[in-house]
């Protein structure tokens with residue numbers, strides 16, 4: 332299949348062994364990584380491989396990366412578009428592929444609505460996972476009343492500083508590994524939180 336994006340061009344994807352594999356050349360082109368072979372050398376062997384794609388010249392075997400390798404390449408790029416590419420892949424492409432096995436371009440309103448629904452579901456899951464002690468630690472660290480934190484976790488309010496603290500908590504908390512492995516994965520959860528507090532214009536001292 333092909334993923335189409337007006338900024339990043341065409342990204343070819345194939346499915347094998349229950350996983351999605353992305354054409355390495357297309358990913359590197361989107362991220363402006365010049366040397367595909369060199370970029371892939373730094374990946375673990377199980378993160379890269381060779382798959383056959385249909386091309387105008389007939390079927391060709393091409394270098395591919397699976398999801399973990401895709402993230403590694405995104406992190407390696409220092410180009411301005413890397414962040415936008417990461418958000419597109421994490422917020423739109425991967426959830427759609429896991430859910431339906433395909434990806435359709437959505438308008439901005441659809442994407443925003445889907446992200447808001449996913450964000451609210453994330454809060455519900457965090458609300459079940461976090462203990463009073465965890466909230467107490469966050470309250471002391473951020474110097475914010477515990478009730479205010481619970482209001483955010485319950486979806487009643489949005490606060491950039493609190494969302495940032497919850498985001499950092501999720502990055503470090505080992506006990507949330509089970510939660511991270513829901514269908515959208517850890518990266519979706521982290522991106523949702525980060526996207527929310529960035530939209531709320533997190534104070535500069537927290538960036």
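Residue numbers (my numbering): 332 to 538.
Where a beta carbon is used, it is the ideal one built from N, C-alpha and C, also for glycine.
Here DSSP, grouped into helix, strand and coil, assigns residue 339 to coil. Taking residue 418 as reference, the option from 429, 402, 499 with the minimal CA-CA separation is 402.
Residue 371 places its beta carbon less than 8 Å from that of residue 396. The DSSP assignment places complete alpha helix (DSSP H) segments of no fewer than 4 residues inside the segment 409–433 at 412–419, 425–431, in order along the chain. In the DSSP assignment, residue 396 forms a beta bridge with 353, 379. Assignment of residue 385 by DSSP, reduced to helix, strand and coil, places it in the strand class.
With 16 or more neighbouring CB atoms inside 10 Å of its own CB, residue 400 falls in the buried class.
Boundaries of the alpha helix (DSSP H) harbouring residue 369: 367–372, taken from the DSSP string.
When rounded, the separation of the alpha-carbon atoms in residue 383 and residue 347 is 11 Å. Contact between the segment 407–426 and the segment 378–394 is absent, with fewer than three C-beta pairs closer than 8 Å.
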